[in-house]
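J.:
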Amino acid sequence: EDQVTQSPEALRLQEGESSSLNCSYTVSGLRGLFWYRQDPGKGPEFLFTLYSAGEEKEKERLKATLTKKESFLHITAPKPEDSATYLCAVLAAGGSNYKLTFGKGTLLTVNP
Amino acid sequence: GAVVSQHPSWVICKSGTSVKIECRSLDFQATTMFWYRQFPKQSLMLMATSNEGSKATYEQGVEKDKFLINHASLTLSTLTVTSAHPEDSSFYICSAKGIAGLYQETQYFGPGTRLLVL
């Protein structure tokens, strides 16, 4: 069974204080790993898709990396507007369905 | 690109009535659309997967007669909550996956619909 574990559950940072969120996964062949940001009362907003170990993607203050067992979302010099829940999900290879397995998310709060 | 809309964003209804939620992919063709339910402070729970022109595939424990899904075109899927009861109150989110390229593997989510059944 595919599993995704995100840590920490919650993270408080001061503005400008860089940190990383972790997503550990167990999947029978990785087809893709996805990072989303979700604000309260809204649907998840797509951030990144990673396909293979060693891949990295960046967008503004965010950088996602991938190994064979985990992914990190690095946040550099965060701002209060980066406060949100960050969700990690994996898509297993094989089969015709595209069912994502989600982690429970990391609630990030950035204080000014 | 990759914009998904949902309508309505908020709905309040009386117990026993039916509610229809629309999900549209605005700038790409979605071969597959997904419906999720999210409870407060919890992650997303997949309810069903629908492919254009065919019957939806429901996850275990989801009543297909209760949650009717129609995916009539490559840009529109609807979820109808039939004979809604207070326990159906929740945040419903759809997502869409495209045919090829940028949209092929990634699910793009709508803004969600909050349903309150009185």
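Those protein sequences? They're chains A and B, same order as listed. Note that the first sequence covers residues 221 to 332 in this note's numbering. Note that the second sequence covers residues 1312 to 1429 in this note's numbering. No residue lacks a Cβ here, since even glycine has one placed at the ideal position from N, Cα and C. These figures come from a predicted structure and were not determined experimentally.
#1: Between T1417 of chain B and F266 of chain A, how many whole angstroms is the CB-CB distance? I'm expecting something under 8 Å.
#2: What is the DSSP secondary structure of E278 of chain A, reduced to helix, strand or coil?
#3: Can you check DSSP and say which residues form a bridge with L328 of chain A?
#4: Using the rule of at least 16 other Cβ atoms within 10 Å of the residue's Cβ for burial, across every protein chain shown, is H1382 of chain B buried or exposed?
#5: What do you reckon, are the CB atoms on L1385 of chain B and A1313 of chain B nearer than 9 Å?
#6: Answer yes if the segment 248-256 of chain A comes into contact with the segment 300-313 of chain A, meaning at least three C-beta pairs across the two stretches below 8 Å, and no otherwise.
#7: Between the C-alpha atoms of S272 of chain A and Y318 of chain A, what's the straight-line distance to the nearest angstrom?
#8: What residues of chain B sit near L311 of chain A, judged by a beta carbon separation below 8 Å?
#9: So does the segment 232-252 of chain A actually touch the segment 1400-1411 of chain B, counting three or more Cβ pairs closer than 8 Å?
#10: In chain A, which residues lie less than 7 Å from P1422 of chain B when you measure between Cβ atoms?
#11: On the three-state DSSP scale, how would you describe E1398 of chain B?
#12: Per DSSP, which residues does V1428 of chain B bridge with? Please list them.
#13: Rounded to whole angstroms, what's the CA-CA distance from I1323 of chain B to L1427 of chain B? Just pull it up for me.
#14: Which value, in whole angstroms, describes the spacing of the CA atoms of T225 of chain A and N242 of chain A?
T.: Short version:
#1: Position 106 of the second sequence, counting from 1, holds the residue named residue 1417 of chain B. Position 46 of the first sequence, counting from 1, holds the residue named residue 266 of chain A. 6 Å between Cβ atoms; contact.
#2: On the first sequence, position 58 is the one that residue 278 of chain A refers to. Three-state result, E278 of chain A: strand.
#3: By 1-based counting over the first sequence, the position of residue 328 of chain A is 108. Per DSSP, A:L231 and A:A304.
#4: Counted from its first residue, the second sequence places residue 1382 of chain B at position 71. Label assigned to H1382 of chain B: buried.
#5: Within the second sequence, the letter at position 74 stands for residue 1385 of chain B. Within the second sequence, the letter at position 2 stands for residue 1313 of chain B. Going by C-beta atoms, L1385 of chain B is not nearer than 9 Å to A1313 of chain B.
#6: yes
#7: Counting from one through the first sequence, the residue named residue 272 of chain A turns up at place 52. Counting from one through the first sequence, the residue named residue 318 of chain A turns up at place 98. Their Cα atoms are separated by approximately 18 Å.
#8: Within the first sequence, residue 311 of chain A is the residue found at index 91, counting from 1. What L311 of chain A touches in chain B: E1416.
#9: no
#10: Residue numbering aside, residue 1422 of chain B sits at position 111 when the second sequence is read from its first letter. Under the 7 Å cutoff, chain A gives K262 and G263.
#11: Within the second sequence, numbered from 1, the residue matching residue 1398 of chain B stands at position 87. If DSSP states are grouped into helix, strand and coil, E1398 of chain B belongs with the helices.
#12: To locate residue 1428 of chain B, count along the second sequence from 1; it is residue 117. Per DSSP, B:C1324.
#13: The sequence position of residue 1323 of chain B within the second sequence is 12, counting from 1. The sequence position of residue 1427 of chain B within the second sequence is 116, counting from 1. If I take the Cα positions, the gap works out to 5 Å.
#14: For the purposes of this step, residue 225 of chain A is identified with residue 5 of the first sequence, where counting begins at 1. For the purposes of this step, residue 242 of chain A is identified with residue 22 of the first sequence, where counting begins at 1. Distance between the alpha carbons of T225 of chain A and N242 of chain A: 8 Å.
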